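Chemist:
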Amino acid sequence: MAKRDKETITLGSGKVYISEFEKGSEIPEHATLETQENLIGYISGGASLAYEPEFYEAKDDLGYVQKVIITNEEATFTSGVMTWNADTLSKLSATSRVTEAAGKRTLKIGGISNQNGKQYLIRFVHEDKADGDVRITIVGQNQAGFTLEFAKDAETVVDAEFKAQPALDDEGTLVIYEEQIEVVPAG
1 MAKRDKETIT LGSGKVYISE FEKGSEIPEH ATLETQENLI GYISGGASLA
51 YEPEFYEAKD DLGYVQKVII TNEEATFTSG VMTWNADTLS KLSATSRVTE
101 AAGKRTLKIG GISNQNGKQY LIRFVHEDKA DGDVRITIVG QNQAGFTLEF
151 AKDAETVVDA EFKAQPALDD EGTLVIYEEQ IEVVPAG
């Protein structure tokens, strides 16, 4: 039984799932989203979530009173995708188009007029049978572009950087972090 608590050490990577998402839509159940079809590819180099708030601090000249408020916040999810194809790359470019014909898949990227306006639901799942699974969910777009580097002695890993948008709910939520915890019986 999962016992994720303050003494839990989290080790290992996970899987990244991605699906088109429209603001106001319901977040799909785990089993609906976490499918082989929505798997972006197997990742290399792990994944990370960065949350960065910006603050404004007002204080008097003598340092007797002050007030601090958050003025902006940003969340970014990054991961290296080691197994990929043109469909994967299409989710990393807002101007991409994919066609399939005569045994060939073609990806076209570019042309600002081709911007598709798509947002994606991105789910990272760290599975841990001993301490409980962790899920991170954001809605966003890859805003860092990507580089395809083909080297003779290394795999080609595509780095994706998704900037979170406040589209998960009507409260401005950027990130949903879920962890399995021990169920304590009532009574």
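Counting in our numbering, the sequence shown runs without a single skipped number right up to 187 at its last residue.
Just so it is clear, CB atoms sit at the ideal spot from N, CA and C, and this is done for glycine as well.
In this text, all values refer to a predicted model and were calculated from it rather than measured experimentally.
Using a 10 Å radius around the Cβ and a threshold of 16 neighbouring Cβ atoms, would you call Asn114 buried or exposed?
Modeler: exposed
Chemist: Can you check the segment 28-80 for any alpha helix (DSSP H) of at least 4 residues that lies completely inside it and give the ranges in chain order?
Modeler: Counting only runs of at least 4 residues, the segment 28-80 fully encloses the following alpha helix (DSSP H) elements, listed from N- to C-terminal order: 30-33.
Chemist: Measuring alpha carbon to alpha carbon, tell me which of Thr137, Ile109 and Gln141 ends up nearest Asp169.
Modeler: Thr137
Chemist: Check the C-beta distance from Gly41 over to Trp84 and give it rounded, since I have them as a contact under 8 Å.
Modeler: Contact flag correct, Cβ pair sits at about 4 Å.
Chemist: Within the continuous alpha helix (DSSP H) that includes Thr88, where are the two ends?
Modeler: Ala86 to Ser90
Chemist: If you count every other CB in all the chains shown that lies within 10 Å of the CB of Asn72, and 16 or more means buried, which is it?
Modeler: exposed
Chemist: Using alpha carbons as the reference points, say which of Ile176, Thr10 and Leu62 lies closest to Gly46.
Modeler: Thr10
Chemist: Let me confirm a value: Thr32 is counted as buried when at least 16 other C-beta atoms fall within 10 Å, else exposed. Which label applies?
Modeler: exposed
Chemist: For a quick check, are the C-beta atoms of Met82 and Val139 less than 8 Å apart?
Modeler: no
Chemist: In the DSSP assignment, the beta strand (DSSP E) including Lys6 goes from what residue to what residue?
Modeler: Per DSSP, Lys6 belongs to no beta strand (DSSP E) and is neither H nor E.
Chemist: Cutting at 8 Å between CB atoms, please list the residues of its own chain near Ile43, excluding the five before and the five after it.
Modeler: Ser13, Gly14, Lys15, Val16, Ser79, Gly80, Val81 and Met82
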